[in-house]
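Chemist: Please find one structure pasted underneath; my questions will follow.
Protein chains in written order, with my numbering: chain E, 1 to 104; chain B, 1001 to 1104; chain Y, 2001 to 2104; chain G, 3001 to 3104; chain H, 4001 to 4104.
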């Protein structure tokens, strides 16, 4: 899975019928240190992720292994919201109450 | 899914029989800001996308999960036409009536 | 699918039995303008493409969706010969009678 | 498969139910010489790998071919712990007793 | 498929049971001219390739379409040993008796 941050949302009214009602998230890749990296994807949300939250997304056929995406033309799905990670025993990220709020 | 813009069309008369009658689009990747990025694909159109329109395309086996591409040697399909997206609460793109017209 | 040009052929006598008798093409990626790009693959030919011809190839599991490649350890197949394409209403490539001849 | 080193772990309490109870590893790619390379993934652990260990991970649909990941939205799995490798007859890496201990 | 050269071997005693007894090769990508390129993979050997030999490897789900790799967590398999290839009518590589010998 790839580590990313939800940076926005996308609206597409005309789409494959299998994806009707699915929320589409813009997810930007991040580095091991939690900084913005190059690259982003548009992913279906299967866990109720909010803007600003660190998430994991799965790609390819694995992105179809959720209730939201089964047998749909979807190749990226957010399947986890990240609470924390550590590298070499050092905590690199921990979710705070301020994360995951939708910008308003 | 990857965010792209339809920049043209491609004609291939000699092709796998499963793809006869399918429209082939040239889709160029775009940045989060909606600018041209490097990279493009040739994708089957499953939603009636027009030149100039912002679209999403799915790759790999997920590209075969539409009526147009089921069990076909197709690894990229345009499966949504984008209306708008926002990043950090700021609208980065909104479709206008001028988009999606075929160049003539 | 990726746009490429057939630049050569490859011979491999010792190979998975499923690929016996299949022609293996060297396909170099091209730009939207039809110029050589970086990157190339070795693809099974399913449409009788000749050296010099512009083609499309499909990758991954989609490469196994032809008669030539069904259930074979093949991850790239040439599944179309390109006649022409246009970008922004301008023709970027049109096949001529000189294309597609095997170098001799 | 890709050669990597386990550099940390990740906690995600809210995730697809199929991944409950699975350990998530941060795996950084390494060069043929065993040095850190760019790129990393988050992978499910199917072999009990410890931080610091050199491992192999499989991606895509192949990542679902273990007991831990069958039919789960998982696109990367650590499926081997590396003992040694050689390039051109020269040993580039050999596991020592100091490897694979979890940082504490 | 990707063109590569077998540059070494890798030993992993602790691995998914489906891969027990399989030989793991280090395969470095090569250019159209046969020179070392960036990038390498660890692939299961399905054709008895030796160190130094030019080979083709298949990736993704296609890597599971051999007897050695069926339903295994394997995403790369060497499925052909290359005898020769030509580009633009010029021979770029031909296997000699000195190739394919294991370094000793």
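Using N, Cα and C, we set each Cβ at its ideal position, and we do this for glycine too.
Along the chain, where does the beta strand (DSSP E) that runs through residue 3001 of chain G open and close?
Modeler: Per DSSP, residue 3001 of chain G belongs to no beta strand (DSSP E) and is neither H nor E.
Chemist: Could you check the C-alpha separation between residue 62 of chain E and residue 3060 of chain G for me, to the nearest Å?
Modeler: Between residue 62 of chain E and residue 3060 of chain G, the C-alpha separation is close to 7 Å.
Chemist: Near residue 2090 of chain Y, what residues of its chain come up, given a Cβ to Cβ distance below 8 Å and the 5 sequence neighbours on each side ignored?
Modeler: No residues qualify anywhere along the chain.
Chemist: Which residues of the segment 14-32 of chain E have a Cβ closer than 9 Å to any Cβ of chain G? Give them in chain order.
Modeler: Those residues of the segment 14-32 of chain E that come within reach of chain G (Cβ to Cβ, closer than 9 Å) are 31 and 32.
Chemist: Using a Cβ distance threshold of 8 Å, determine whether the segment 2001-2019 of chain Y contacts the segment 4074-4092 of chain H, with at least three qualifying pairs required.
Modeler: Result yes; three or more Cβ-Cβ pairs closer than 8 Å.
Chemist: Who are the neighbours of residue 1071 of chain B on chain Y, taking C-beta pairs under 9 Å?
Modeler: By Cβ distance, chain Y contributes 2065.
Chemist: Are the C-beta of residue 45 of chain E and some C-beta of chain B separated by less than 9 Å?
Modeler: For residue 45 of chain E, the answer is no, since every Cβ of chain B falls outside 9 Å of its Cβ.
Chemist: Tell me the residue span of the beta strand (DSSP E) that contains residue 2019 of chain Y.
Modeler: Looking at the DSSP string, residue 2019 of chain Y is not in any beta strand (DSSP E), and its letter there is neither H nor E.
Chemist: Taking residue 3008 of chain G as the query, report the chain E residues whose CB atoms sit under 7 Å from its CB, ordered along the chain.
Modeler: Chain E residues near residue 3008 of chain G: 85, 86, 87 and 88.
Chemist: If we count the other Cβ atoms within 10 Å of its Cβ and call it buried at 16 or more, is residue 2012 of chain Y buried or exposed?
Modeler: Per the 10 Å Cβ criterion, buried.
Chemist: Is there contact between the segment 2043-2050 of chain Y and the segment 61-79 of chain E, where contact requires at least three CB pairs shorter than 8 Å?
Modeler: At 8 Å Cβ cutoff, the stretches do not touch.
Chemist: Let me confirm a value: residue 2035 of chain Y is counted as buried when at least 16 other C-beta atoms fall within 10 Å, else exposed. Which label applies?
Modeler: Exposed, since its Cβ has fewer than 16 Cβ neighbours within 10 Å.
Chemist: Comparing the C-beta of residue 3051 of chain G with each C-beta of chain E, is any distance below 9 Å?
Modeler: At least one chain E Cβ lies under 9 Å of residue 3051 of chain G.
Chemist: Is the Cβ of residue 4034 of chain H closer than 9 Å to any Cβ of chain Y?
Modeler: Answer no: the Cβ-Cβ gap between residue 4034 of chain H and chain Y never drops below 9 Å.
Chemist: Taking Cβ positions only, does residue 1097 of chain B come closer than 9 Å to chain E?
Modeler: No - not a single Cβ of chain E is within 9 Å of the one on residue 1097 of chain B.
Chemist: Using C-beta distances below 7 Å, list every residue in its chain close to residue 2066 of chain Y, excluding the 5 sequence neighbours before and after it, in chain order.
Modeler: So the qualifying residues of the chain are 2046, 2077 and 2079.
Chemist: What residues from chain H crowd round residue 2011 of chain Y, counting only those whose CB sits closer than 8 Å?
Modeler: Under the 8 Å cutoff, chain H gives 4082, 4083, 4084 and 4085.
Chemist: Would you say residue 1050 of chain B and residue 1029 of chain B are within 9 Å of each other, going by their C-beta atoms?
Modeler: Going by C-beta atoms, residue 1050 of chain B is not nearer than 9 Å to residue 1029 of chain B.
Chemist: List the residues of chain B that residue 76 of chain E touches, going by C-beta distances under 9 Å, in chain order.
Modeler: Per Cβ cutoff of 9 Å: 1001, 1002, 1058 and 1062.
Chemist: Give every residue of the same chain whose Cβ lies closer than 6 Å to the Cβ of residue 4032 of chain H, excluding the five residues on either side of it in the sequence, and list them in chain order.
Modeler: Excluding residues within five positions, the ones whose Cβ falls inside 6 Å are 4087.
Chemist: Would you decide whether residue 2053 of chain Y is buried or exposed? Buried here means 16 or more other CB atoms lie within 10 Å of its CB.
Modeler: Its Cβ being crowded by 16 or more others within 10 Å, residue 2053 of chain Y is buried.
Chemist: Report back the beta-carbon spacing between residue 4024 of chain H and residue 4042 of chain H to the nearest angstrom; my notes put them in contact at under 8 Å.
Modeler: Contact flag correct, Cβ pair sits at about 6 Å.
Chemist: Do you know how far the Cα of residue 3055 of chain G is from the Cα of residue 3103 of chain G?
Modeler: Its pLDDT being 39, under 50, residue 3103 of chain G is placed unreliably by the model, and the measurement read from it follows with that caveat. For residue 3103 of chain G and residue 3055 of chain G, the distance between alpha carbons rounds to 17 Å.
Chemist: Which residues in the same chain have their Cβ closer than 6 Å to the Cβ of residue 1095 of chain B, if we skip the five residues on either side of it in sequence?
Modeler: Answer for residue 1095 of chain B: 1083, listed in chain order.
Chemist: In whole angstroms, what is the alpha-carbon distance linking residue 98 of chain E and residue 21 of chain E?
Modeler: Spanning the two alpha carbons is a distance of roughly 27 Å.
Chemist: Under 9 Å between C-beta atoms, does residue 2041 of chain Y make it to chain H?
Modeler: Interface residue, yes.
Chemist: Give me the DSSP bridge partner(s) of residue 32 of chain E.
Modeler: Answer is none; residue 32 of chain E lacks a bridge partner.
Chemist: Quick one: what's got a C-beta closer than 8 Å to residue 4057 of chain H's C-beta in the same chain, skipping five residues either side?
Modeler: 4001, 4002, 4004, 4027, 4041, 4043, 4063, 4076, 4077, 4078 and 4079.
Chemist: CA-CA distance, residue 1017 of chain B and residue 2085 of chain Y?
Modeler: Going from the Cα of residue 1017 of chain B to the Cα of residue 2085 of chain Y covers about 20 Å.
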